[in-house]
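Peer 1: So the protein sequences, as listed, match chains A and B. Our numbering numbers the first residue of the first sequence as 1 and each following residue consecutively. Our numbering numbers the first residue of the second sequence as 295 and each following residue consecutively. Sharing a structure here in structure tokens format.
2 protein chains.
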Amino acid sequence: MTYKQLYDQILRKGSFLCVGLDTDMEKIPACIKQAVSDDKLPEEEAMFLFNKAIIDATVQYAVAYKINSAFYEAEGWKGIRQMEKTVSYLKENYPDVFVIADAKRGDIGNTAKQYAKAFFEKMDCDAVTLSPYMGGDAIMPFLKYEGKWAIILALTSNVTAEDFETLETRPHSLEIDDESQNHVPLYERVLRQAERWGSKENIMFVVGATRPDQLYRIRLLSPDSFFLVPGVGAQGGTVEEVATAGMNSHCGLLVNSSRGILYADSSVNFASAASEKARELVAQMRLYLNQTKR
Amino acid sequence: MTYKQLYDQILRKGSFLCVGLDTDMEKIPACIKQAVSDDKLPEEEAMFLFNKAIIDATVQYAVAYKINSAFYEAEGWKGIRQMEKTVSYLKENYPDVFVIADAKRGDIGNTAKQYAKAFFEKMDCDAVTLSPYMGGDAIMPFLKYEGKWAIILALTSNVTAEDFETLETRPHSLEIDDESQNHVPLYERVLRQAERWGSKENIMFVVGATRPDQLYRIRLLSPDSFFLVPGVGAQGGTVEEVATAGMNSHCGLLVNSSRGILYADSSVNFASAASEKARELVAQMRLYLNQTKR
Chain A
1 MTYKQLYDQI LRKGSFLCVG LDTDMEKIPA CIKQAVSDDK LPEEEAMFLF
51 NKAIIDATVQ YAVAYKINSA FYEAEGWKGI RQMEKTVSYL KENYPDVFVI
101 ADAKRGDIGN TAKQYAKAFF EKMDCDAVTL SPYMGGDAIM PFLKYEGKWA
151 IILALTSNVT AEDFETLETR PHSLEIDDES QNHVPLYERV LRQAERWGSK
201 ENIMFVVGAT RPDQLYRIRL LSPDSFFLVP GVGAQGGTVE EVATAGMNSH
251 CGLLVNSSRG ILYADSSVNF ASAASEKARE LVAQMRLYLN QTKR
Chain B
295 MTYKQLYDQI LRKGSFLCVG LDTDMEKIPA CIKQAVSDDK LPEEEAMFLF
345 NKAIIDATVQ YAVAYKINSA FYEAEGWKGI RQMEKTVSYL KENYPDVFVI
395 ADAKRGDIGN TAKQYAKAFF EKMDCDAVTL SPYMGGDAIM PFLKYEGKWA
445 IILALTSNVT AEDFETLETR PHSLEIDDES QNHVPLYERV LRQAERWGSK
495 ENIMFVVGAT RPDQLYRIRL LSPDSFFLVP GVGAQGGTVE EVATAGMNSH
545 CGLLVNSSRG ILYADSSVNF ASAASEKARE LVAQMRLYLN QTKR
């Protein structure tokens, strides 16, 4: 999917909502668990059928779905098969939707190539989240696919982001004459390097919603790129804070909500409750999208 | 597996060799590919049967196997099923061997918990490689499992390790009075933080073989921990350099070779060629192990 196609979808739906499919077998509604234990539903279909119900109920509001690989891996190969089925279901039924594999991979070139094959060929995801720790090698193989995206961790929403991401850095000793290079947080160094690897057309960044002041600063540093923003809802961020601090002239945001939508209701009404939660978030988003368009 | 059990195995086998199962469907021997295309061998067994042959041929020399998750993910759920079968085969037939999932995961706490479940419960791996970018949240859930290990990326063997891993860092402004804190490479900061998370009994570090001078320095900083050292062979490092720079009184090294062993021969003799390559590496290793024991 191109930058333009994504932005067009955002305008069409009046939304920059990404629904996170962190599908947890321990948290899915009792009715699905019961159907599995009654043998009315095969266990290896439960995650997929839950996802399908959530997708159908929220797709009028969501421009993107983020599939959190860990939850599927935790169920072994049967989980991966359901992840694959979820991606196929999205692509076949809602081809406009942007599909993100939230996998946070990051390895040397020949291994990164295999991960790219996994998410872009074996599954037809539009994007995959990547960790920059190992440098450009870990990112470049993903950028060779036309219309596919690398979403690179910059500043994340978790407390221990401060262990390393916000440390001040400076380049190797040969280059230290330039004092302006000496107090650059690691996440900012990631943003700068990424400009050498790709562009706003194939790179996005993960920027947590729990740090609106820093989100504002990061928007100044990277005015055109899309940011994938987790941390709204369960982790404490709000749409208002994120939109105010991070929106650009092409929206530039995909705001993710996972638990707040998926587990809004644990009864048989889980899908309509998810739909209602998505609708509420999008109602807030529209206020800010309309301001930008003016 | 405990630190002591691992060291005992090293002494018993006179080896600190880790065989990397980077099983690439494009590189496996022609005889296996032929058997698949002749329908004599189901496609979804090819990686597992190749691994089984490699394991049986090398296990007298190897103390550890490192399964590179990317290569299995690239084959979809059928690949993951073969990864699971490989781990089970190792655990059932060679319970002394240390099994590493080379996955380089790293995510927030509730997601990291799912990854730990995937590699330590769904599969019975002894260790998983992890990226430290997101900080302690990404590591801690793995340390809750007794006898299991987190192997944290410190300084890797790839060229672009210098993009971020070797940047000089300093802590947040509140703490900068201490000048000794001001020129610490990021990978060293990772080593220091990791001491707060765990110990030599449940944390190892990835340190590339292509940087023996830095390996020596890292050994001084972390005298007791095990290092998983990739980069010997195809990437250019040698056993001599690594042992000289990195060995401690309890060996402290797992030196990995993947391509040099797996693809030593592409004929029907691939397994005996792999065995011979492993034997050669271990012959070199024994020289250094004997020196340490004296």
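Every residue gets a Cβ at the ideal spot worked out from N, C-alpha and C, and that includes glycine. Since we're looking at a predicted model, the values are computed, not measured.
Could you list which residues in chain A have their beta carbon closer than 8 Å to that of I402(B), in chain order?
Peer 2: Within chain A, the residues near I402(B) are T156, S157 and N158.
Peer 1: Taking contact to mean 3 or more Cβ pairs, one atom from each stretch, closer than 8 Å, check whether the stretch 333-349 of chain B and the stretch 88-106 of chain A are in contact.
Peer 2: no
Peer 1: Comparing the C-beta of Y409(B) with each C-beta of chain A, is any distance below 8 Å?
Peer 2: yes
Peer 1: In angstroms, rounded to a whole number, what distance separates the CA positions of R588(B) and D126(A)?
Peer 2: Only weak support exists for where R588(B) lies, its pLDDT of 47 falling under 50; the value from the coordinates is given anyway. If you take the alpha carbons of R588(B) and D126(A), they lie about 57 Å apart.
Peer 1: So, with DSSP's three-state summary, where would you put I497(B)?
Peer 2: It is a strand residue.
Peer 1: Note down, in chain order, each residue of its chain lying with its Cβ closer than 7 Å to the Cβ of D318(B), except the 5 sequence neighbours on either side.
Peer 2: F365, listed in sequence order.
Peer 1: CB A295(A) to CB G429(B), shorter than 8 Å?
Peer 2: Residue 295(A) cannot be examined here, being either before or after the span of chain A that is shown, 1 to 294.
Peer 1: Just checking: is the beta-carbon of L480(B) within a distance shorter than 8 Å of some beta-carbon in chain A?
Peer 2: yes
Peer 1: If we require 3 or more residues per run, which beta strand (DSSP E) segments fall completely within the stretch 382-466 of chain B?
Peer 2: 392-399, 421-424, 443-449 and 462-464
Peer 1: Just verifying my parser: in three-state terms, what is the DSSP assignment at G237(A)?
Peer 2: strand
Peer 1: Among the residues of its own chain, which have a CB less than 7 Å from the CB of A154(A), if the five just before and after it don't count?
Peer 2: Y187, V190, L191, F205, V206, V207 and I218
Peer 1: Using the Cα positions of A243(A) and V549(B), report the straight-line distance between them to the nearest angstrom.
Peer 2: Straight-line measurement puts the Cα of V549(B) at about 49 Å from the Cα of A243(A).
Peer 1: For V63(A), report the span of its beta strand (DSSP E) as first-last.
Peer 2: A62 to N68
Peer 1: Could you tell me how far apart the beta carbons of S131(A) and R170(A) are, in whole angstroms, since I believe they sit closer than 8 Å?
Peer 2: Not confirmed; about 22 Å, so no contact.
Peer 1: What residues in its chain sit with their C-beta under 6 Å from that of M123(A), if we drop five residues either side in the sequence?
Peer 2: E84 and V87
Peer 1: Could you give the C-beta distance for H250(A) and Y7(A), rounded to a whole number, given that I count them as a contact under 8 Å?
Peer 2: 5 Å
Peer 1: Listing by chain order, which chain A residues have their CB less than 9 Å from the CB of N362(B)?
Peer 2: D107, T111 and Q114
Peer 1: According to DSSP, which residues form a beta bridge with V576(B)?
Peer 2: Under DSSP, V576(B) forms no beta bridge with any residue.
Peer 1: Quick check on E230(A): does DSSP put it in helix, strand or coil?
Peer 2: Reading off the sequence shown, one finds Pro at residue 230(A), where the question assumed Glu. Coil at P230(A), not helix or strand.
Peer 1: Count the C-beta pairs between the stretch 519-537 of chain B and the stretch 575-582 of chain B that are closer than 8 Å, then say yes if the count reaches three, no if not.
Peer 2: yes
Peer 1: Can you confirm whether I100(A), when its beta carbon is compared against all beta carbons of chain B, has any partner nearer than 8 Å?
Peer 2: For I100(A), no Cβ of chain B is located within less than 8 Å of the residue's own Cβ.
Peer 1: Is L41(A) helix, strand or coil by DSSP?
Peer 2: coil
Peer 1: Please tell me whether S560(B) has its Cβ less than 8 Å away from any Cβ of chain A.
Peer 2: Between S560(B) and chain A, the shortest Cβ-Cβ separation is not below 8 Å.
Peer 1: Quick check: the Cα distance between I497(B) and Q508(B), rounded to an integer number of angstroms?
Peer 2: 19 Å
Peer 1: Check the DSSP bridge columns for L17(A) and list the partner residues they point to.
Peer 2: A62(A) and V255(A)
Peer 1: Give the DSSP bridge partners of V184(A), in chain order.
Peer 2: T169(A)
Peer 1: Kindly give me the distance between the Cβ atoms of S157(A) and A209(A), rounded to whole angstroms, as I take these residues to be in contact under 8 Å.
Peer 2: 6 Å
Peer 1: Taking C-beta pairs closer than 7 Å, name the residues in chain B that W77(A) reaches, listed in chain order.
Peer 2: W371, I374, R375 and E378
Peer 1: For G20(A), would you say it is in contact with chain B, using Cβ-to-Cβ distances shorter than 8 Å as the test?
Peer 2: Closer than 8 Å: no.
Peer 1: Do you know offhand how far R306(B)'s Cα is from L547(B)'s?
Peer 2: 15 Å
Peer 1: Of the choices I108(A), I55(A) and L49(A), whose alpha-carbon is the least far from that of V97(A)?
Peer 2: Checking every option, the nearest Cα to that of V97(A) belongs to I55(A).
Peer 1: I'd like the list of long-range same chain contacts for E165(A), defined as Cβ closer than 6 Å, with 5 residues on each side in sequence excluded.
Peer 2: Excluding the 5 residues flanking it on each side, E165(A) has same chain C-beta neighbours closer than 6 Å at L155, L186 and Y187, in chain order.
Peer 1: Tell me, please, which residues DSSP counts as bridged to N248(A).
Peer 2: C251(A)
Peer 1: Between the C-alpha atoms of C18(A) and Y89(A), what's the straight-line distance to the nearest angstrom?
Peer 2: 17 Å
Peer 1: Only counting the same chain, and skipping five residues up and downstream in sequence, which positions put a Cβ closer than 6 Å to that of K200(A)?
Peer 2: D224 and S225
Peer 1: Skipping 5 residues on each side, what residues in its chain have a beta carbon closer than 7 Å to that of A35(A)?
Peer 2: Within the same chain, A35(A) has close Cβ partners L41.
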